[in-house]
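J.: One structure is given below, represented as structure tokens, and several questions about it will come after.
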Amino acid sequence: AQSVTQLDSQVPVFEEAPVELRCNYSSSVSVYLFWYVQYPNQGLQLLLKYLSGSTLVKGINGFEAEFNKSQTSFHLRKPSVHISDTAEYFCAVSDQGAQKLVFGQGTRLTINP
Amino acid sequence: SQTIHQWPATLVQPVGSPLSLECTVEGTSNPNLYWYRQAAGRGLQLLFYSVGIGQISSEVPQNLSASRPQDRQFILSSKKLLLSDSGFYLCAWSTGTTYEQYFGPGTRLTVT
Chain A
1 AQSVTQLDSQ VPVFEEAPVE LRCNYSSSVS VYLFWYVQYP NQGLQLLLKY LSGSTLVKGI
61 NGFEAEFNKS QTSFHLRKPS VHISDTAEYF CAVSDQGAQK LVFGQGTRLT INP
Chain B
114 SQTIHQWPAT LVQPVGSPLS LECTVEGTSN PNLYWYRQAA GRGLQLLFYS VGIGQISSEV
174 PQNLSASRPQ DRQFILSSKK LLLSDSGFYL CAWSTGTTYE QYFGPGTRLT VT
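Residue numbers (the working numbering), protein chains in the order written: chain A, 1 to 113; chain B, 114 to 225.
This is the structure we're talking about:
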């Protein structure tokens, strides 16, 4: 079964600094990968997804992620964060043909002024 | 466009009382439907999913159950709530052909 590891439970950064949230998944023949964002007391919102094609995926709110098959990673990046990016971020993976997503434990991103 | 609704938004229930949470999806047909629970400070736990009316798969054995009486309606129930049932309950849907899931606003359940 697939598993997802988000290597940092909390990431504090200063406003306008770059950030990287790390995600590794267990190996599989083919995977689809996702990043979601959750603001306090809200549902999850899809940030970006990798299904196939270019390994660099751009999403909403200026975020991007890079799929690295050899390292089984899908790290999320943003070159300059804003206070409004404070939220919980979840990485998720689905096996091709599976009807389920496996989520990581989440990374809490805190932006300090 | 598709929308997903959950109600109630918040609920406070005593231990041993029954539970019914409802989720409905608009703007799509034959969606896959999912119930997740998010305990305080923890990640998402998949509880149930359904690929069609009356088809329910349970991921975690517990005192909760799910039903799908209509194509776009998914209900989470319990006959007797436990303190450990407290949490944030999220419903999600997917098309079944693409893999991304879309989440509802959630229900905050506190069992006292």
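For each residue, glycine too, the CB sits at the ideal point set by N, CA and C.
Identify the continuous beta strand (DSSP E) that holds B:G200 and give its terminal residues.
T.: G200 to S207
J.: Could you check whether the Cβ of A:Y50 sits closer than 6 Å to any heavy atom belonging to the ligand MG?
T.: Of ligands this structure carries none, so the ligand MG is not represented either.
J.: How would you call B:Q214, buried or exposed, if buried means at least 16 neighbouring beta carbons within 10 angstroms?
T.: buried
J.: Keeping to the same chain, check which residues put their C-beta closer than 6 Å to that of B:P144; ignore five residues upstream and five downstream.
T.: Cβ within range, chain order: V138 and W206.
J.: Tell me whether the stretch 97 to 104 of chain A and the stretch 49 to 59 of chain A touch, counting them as touching only if at least three CB pairs, one residue from each stretch, are closer than 8 Å.
T.: no
J.: When you compare only the Cα positions, how much space is there between B:L189 and B:T225?
T.: 19 Å
J.: If the cut-off is 9 Å on Cβ atoms, which residues from the stretch 12 to 44 of chain A count as contacting chain B, listed in chain order?
T.: Y32, F34, Y36, Q38, N41, Q42, G43 and L44
J.: Considering only their Cβ atoms, is the gap separating A:D8 from A:T110 smaller than 7 Å?
T.: no
J.: Can the beta-carbon of B:L203 be found less than 7 Å from the beta-carbon of B:S191?
T.: no
J.: Measure the C-alpha to C-alpha separation of B:F216 and A:G59 and round it to an integer number of angstroms.
T.: 17 Å
J.: Return the residue from the list B:V173, B:S197 and B:F201 that minimises the CA-CA distance to B:R127.
T.: Just to set this straight, residue 127 of chain B is Pro in the shown sequence, not Arg. Looking at the Cα atoms, B:S197 is the closest of the given residues.
J.: At the level of alpha carbons, what is the spacing between B:S195 and B:P121?
T.: Looking at the sequence itself, residue 195 of chain B is Leu, so the reference to Ser does not match. When rounded, the distance between both Cα atoms is 19 Å.
J.: Counting pairs of Cβ atoms below 8 Å between the stretch 25 to 45 of chain A and the stretch 82 to 93 of chain A, do you hit three or more?
T.: yes
J.: Applying the criterion that 16 or more other CB atoms from any shown protein chain within 10 Å of the CB defines a buried residue, is B:F187 buried or exposed?
T.: buried
J.: Just the C-alpha distance for A:Q38 and B:G200, rounded to the nearest angstrom, thanks.
T.: In this structure, the alpha-carbon of A:Q38 lies about 15 Å from that of B:G200.
J.: Please classify B:T223: is it buried, with 16 or more other beta-carbons within 10 angstroms of its beta-carbon, or exposed?
T.: exposed
J.: Looking only at its chain, what residues have a beta carbon closer than 6 Å to the beta carbon of B:Q115, apart from the 5 residues adjacent to it on each side?
T.: The beta carbon of B:Q115 is closer than 6 Å to those of G140 and T141 in its chain, skipping five residues each way along the sequence.
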